[in-house]
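What follows is a short report on a single structure.
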Amino acid sequence: MPILQETPSGLYCEAGDFFVDPWRPVRRAVVTHAHSDHARSGCESYLAARSGAAILQMRLGPHARISFVEYGQSLMIRAARVSLHPAGHMTGSAQVRIEVDGEVCVVSGDYKLQPDPTCTPFEPVRCHTFITESTFGLPLYRWEHPQVVMQEVNAWWLDNQRRGAASLLLGYTVGKAQRLLASVDASIGPIYAHGAVISACRAYRACGVALPEIRSVMDTPTKFDWSQALIVAPPSAMGTTWLRRFGDVSTAMASGWMRVRGIRRRRAVDRGFVLSDHVDWSDLMKAISETGAEHIWVTHGYTQQVVRTLQTRGFSARTVATQFKGEAAGEEAEVSDPAAVDDTNEP
Amino acid sequence: MQRFARLFAQLDQTNKTSEKIRALSEYFRDVDPASAAWALYFLSGHKLQRVVPSGLLRQWAIEVADIQQWLFDECYEAVGDLAETISLIVPRSEGRPVDGTLVQWVEQRLMPLRQLTVSEQRQRILTSWQTLDQVACLVFVKLLTGSFRVGVSQKLVVRGIANASGIDAEVLAHRLMGNWQPSAAFYQALVHPDAGDAMLSRPYPFFLANPLEGTPSDLGDVSLWQAEWKWDGIRAQLIRRGAQTFIWSRGEELMQDRFPELESLAQYLPDGTILDGEIIGRRDGIILPFAHMQRRIGSKQLTRKILQEVPVAYLVFDLLEWQGNDLRAEPLSTRRSQLEQVMAELSRTRAAIQPDHEKQWQLSEHDLSDTQDRAQGRAGGTSATMHFLLPDTLKAGSWEELIALRSRSRDEHAEGLMLKRLNSPYRVGRPRGDWWKWKIEPYTVDAVLIYAQRGHGKRASLYTDYTFGVWDGDVLVPFAKAYSGLTDQEIAQVDRFIRQHTLERFGPVRSVQPELVFELAFENIQLSSRHKSGIAVRFPRILRQREDKPISQADSLATIRAMLGAASS
Ligand SMILES: [Zn+2]
Ligand SMILES: [Zn+2]
């Protein structure tokens, strides 16, 4: 009997009678992180990592009943020993380690190995079965060091200032936006943000994440000169009338998808910065081998390609269904198309 | 190379024309003249002969990336472009990318590859891949495979160079006409303040017409306009300078030795003459369908047979240079009356001297008079000789009369009318206002989407090239390919449909469940024995999706044939 089973509501642990990141309301949910495809409202009670408490509470609403635990703190839920470990994906993101009768299974949630000032670095956890995401599970996805990417962002902002154009930087509201804000060189000029980003920043600050001074676009007079400013906004702001106020504006988006020209062009932004909160191909392979796991379950992305690769490398590997858009229909275009994933639905 | 790659990235990333021009002018200001010449060469669509087959590059990329072929194919499927896929998967060596100027890369690394053995090629190319950064690697592979393309027009590149050099864009455009080899000397001459522009073979930039939208009466009084038939041929300038003849197509291709009929007559034109007109197939005084002309252009050798089957005529409509003077600033009415004198003079000279070696181009006297009858009586025109014709302008006292004339276009083997403002100069490019093409309504057919292929360039990750079928009994037979005419949003929708309704894949092509009906328009439809459907179409384009029509209501070969019958009778 495996520790986890696939059910219509998601991954279920019978020994502990709880679900991990369920997509339907259940009694007990262990939640890896606050993105909406992992944390859904309506469950009776939740368990999550303390370091992202305010962000998850914002996502699930003030009345959600959430128990928070420290990373590495272990507790017994019926016959299952459960602990959460840093996943490096966003503030409060966790891998879920479940041990039943000496058998260990780890659910990665979303994760990355690259440094990120807003969260605790990913920590490899030894296990027998590792359930991994595969959002960027093709060898063409390879990330530069984030420092290099942020230098490009800074240079772009400076160049826009010189030309008298505003700098609009698009990134997912929760997670990417704060990573950008915490990493950018705030001495270059004033930083503004879209209302949705500002609310998320409030939750981030409550979690103790240091962010520079961020002003609200809405509170700014109509005839304001935006040419020196950096404005951080969700991708959905692109193509809306909200952009008009900035006058001459250079648009950019930060996402792993920006590595492919065709996808970048479809977003119709002037610049694409390749910055992702997921593992690239080589980090994916590295993370998998460092768990020492023999069984790999692959979910959330290029599942078939990763499974086939792992099988040729001698692993026992299989796919696990997610409710991730499009995959159920076997629709590779949707999985590889960020246009199908709006910012409220960060993978 | 890194600098050129940065330019490529800048052009590729922004959608704003002003940004593109800024990036171009910065580039041309920064680099050495020889690299500038090569950049101009590639950006304006020229290619190197392919150095290494793309199959080999793919294989080497798979080897160095140490992945299996299926996984490479998956990456290609996600990216949609071979050069880009290679650049994304090959490993890079640590440290700063090694660089060199564009001219060094092209002349010292790319071009010498051709002389090497395959294993030497492999070794050098792999080293280059490792030392270039990702975008430069992409550009390098595109240059290697001769598939380099960026979304900029030559006009935009010229504006960038104009910004960088201070030389007027029109002057640059003229200096760029025709053949040139990329070199430092060439670029220096191009941007030289006075480069003695009298390069013998150079044509003038063509003046192109815009399609007329709306009604002609919006153009004001009909008496301000000259109307002509719009012929469906090869637009060409004929240059007579320094006792030599040069014929240039609109694509700025020098068409030497392709039209001996025209070249032998052109020697009777005085030096310093440039004509503009349309070359058409014309036999026994009758204009041949364009397909015949295509056959003649497509044939490798101009055999006696093809010369007899598809003789050509040059329908002249403008005079750009006379006695060595540039007439382009003169009003059309002045150029036209001068042209009439030139053509009359040509007729007289031609009649006086008839050397033997030309006999092969002559038809009988009877044919000649027949030609003139038709030319004057039907399409109307003065024949300078059989192969140089000056079609009359169309006389009309009102727009209504012109509308009536235009409705006879198909009978005249014309595509419609040209409207030219009588007091207009001969301009450069496609500015609006003075020249309009007023084509007759195209043929339309409702057809079913049956195959799809990925697009190129900008649309490489989308299925944008479609093959359409029409009914032959209860089978859908492919009969036309089209890719233009849909909005980005519609393309995305159809792309999604294609991915969800794929029946089979053959390489880049997918067969699609027949379900979507589109209305297609064609400039022309002809019977053809070379096509599976028995029908050849010209300039197919998509007008709209017919969501109201089930596939059973798409057109059939029989209805299309009937349409042809109606048109030719
Ligand atoms: Zn996710
Ligand atoms: Zn996530």
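In order, the protein sequences belong to chains A and B.
Residues 1165 to 1511 in this note's numbering are what the first sequence spells out, letter by letter.
Residues 195 to 763 in this note's numbering are what the second sequence spells out, letter by letter.
C-beta atoms are modelled at their ideal positions from N, C-alpha and C, and glycine is treated no differently.
A quick note: this is a predicted structure, and the numbers were derived from the prediction, not measured.
Per-residue burial, B/PHE342 [other beta carbons within 10 Å of its own, 16 or more giving buried]:
buried
(request) Sort B/LYS214, B/LEU463, B/HIS607 by Cα distance to B/ALA485 and report the nearest one. (result) B/HIS607
query = Counting contacts by CB-CB distance shorter than 8 Å, is B/ASP206 in contact with chain A?
reply = yes
field: Best match in B/LEU758, B/VAL297, B/ASP206, B/CYS269 for proximity to B/LEU242 [C-alpha to C-alpha]
entry: B/VAL297
### Query
How should B/MET537 be labelled, buried or exposed, when 16 other C-beta atoms within 10 angstroms of its C-beta is the threshold for buried?
buried
- Item | Cβ neighbour criterion (16 or more within 10 Å) applied to B/ARG624 | exposed
Within 10 Å of its beta-carbon, does B/ILE361 have 16 or more other beta-carbons around it, so buried, or fewer, so exposed? buried
Open item on the list: How far does the alpha helix (DSSP H) with B/ASP470 in it extend, from its first residue to its last?
Closed with: Here B/ASP470 belongs to no alpha helix (DSSP H); instead the beta strand (DSSP E) covers 467-477.
Check: Residues of chain A with CB under 8 Å from B/ALA259, in chain order?
Finding: PRO1303
With a threshold of 7 Å on Cβ separation, who are the neighbours of B/ALA573 within its own chain once the five nearest residues in sequence on each side are excluded?
Any reading at B/ALA573 must be qualified, since the residue scores a pLDDT of 38, below 50, and its modelled position is unreliable; the value itself is stated next. Hits under 7 Å: TRP423, PRO585, GLU606.
>> Would you call the segment 1392-1411 of chain A in contact with the segment 1280-1292 of chain A, where contact means no fewer than 3 C-beta pairs closer than 8 Å?
In response: no
Checklist entry - Can you list the alpha helix (DSSP H) stretches of 4 or more residues lying completely in the segment 1303-1381 of chain A, in chain order? => result 1310-1327, 1340-1347, 1359-1370
**Q.** Partner residues on chain A for B/GLY274, Cβ-Cβ distance less than 7 Å
**A.** GLY1426
Quick one: any contact between the segment 1291-1303 of chain A and the segment 1264-1276 of chain A, if contact means 3 or more CB pairs under 8 Å? yes
Item to complete: Report back the beta-carbon spacing between A/GLY1273 and A/GLN1259 to the nearest angstrom; my notes put them in contact at under 8 Å.
Response: 6 Å
- Item | B/GLN461, DSSP secondary structure in three states | coil
Exercise. Whose C-alpha, out of B/TRP629, B/GLY701, B/GLN309, is nearest the C-alpha of B/TYR645?
Worked result: B/GLY701
* Counting contacts by CB-CB distance shorter than 8 Å, is B/ILE736 in contact with chain A? -> no
>> Using beta carbons (cut-off 8 Å, strictly below), is B/ASN209 in contact with chain A?
In response: yes
Handout entry: Cross-chain neighbours of A/GLN1469 in chain B, by beta carbon under 7 Å
Key = LEU265, GLU268
Quick one: give me the first and last residue of the beta strand (DSSP E) that A/SER1231 is part of.
1230-1233
Where does B/ILE441 fall in DSSP's three states? strand
One question on the structure: do B/TYR620 and B/LEU514 come within less than 8 Å of each other, judged by their Cβ atoms? yes
Point to revise | Spatial neighbours of B/VAL344 in its chain, beta-carbon cut-off 7 Å, leaving aside the 5 residues before and after | key: PHE202, LEU205, ASP206, LEU237
- Extent of the continuous alpha helix (DSSP H) to which B/TRP254 belongs: 248-259
Notebook entry, point to check: Which chain A residues sit within Cβ distance under 8 Å of B/ILE745?
Noted result: Residues of chain A passing the Cβ test: none, with the nearest at roughly 23 Å.
Starting from the C-beta of B/ARG223, find all residues in its chain whose C-beta is less than 7 Å away, skip the five residues before and the five after it, and write them out in chain order.
ALA358
Could you compute how far the alpha carbon of B/LEU721 sits from the alpha carbon of B/ALA730?
6 Å
Residues of chain A with CB under 9 Å from B/ALA654, in chain order? ARG1425, GLY1426
*Hey, could you find the ends of the beta strand (DSSP E) B/ASP666 is sitting in?*
657-666
- Item | Bridge partner(s) assigned by DSSP for B/LYS614 | B/GLN420, B/TRP629
Indicate the three-state DSSP secondary structure (helix, strand or coil) for B/PHE198 in the structure shown. helix
On the DSSP bridge list, what partners appear for A/PRO1250?
A/ALA1258
| query | CB A/LEU1277 to CB A/ALA1451, shorter than 8 Å? | reply | yes
- Task: Using the Cα positions of B/LEU282 and A/VAL1471, report the straight-line distance between them to the nearest angstrom.
- Result: 21 Å
Check: Which bits of chain A does B/THR279 rub up against, with CB to CB less than 8 Å?
Finding: LEU1304
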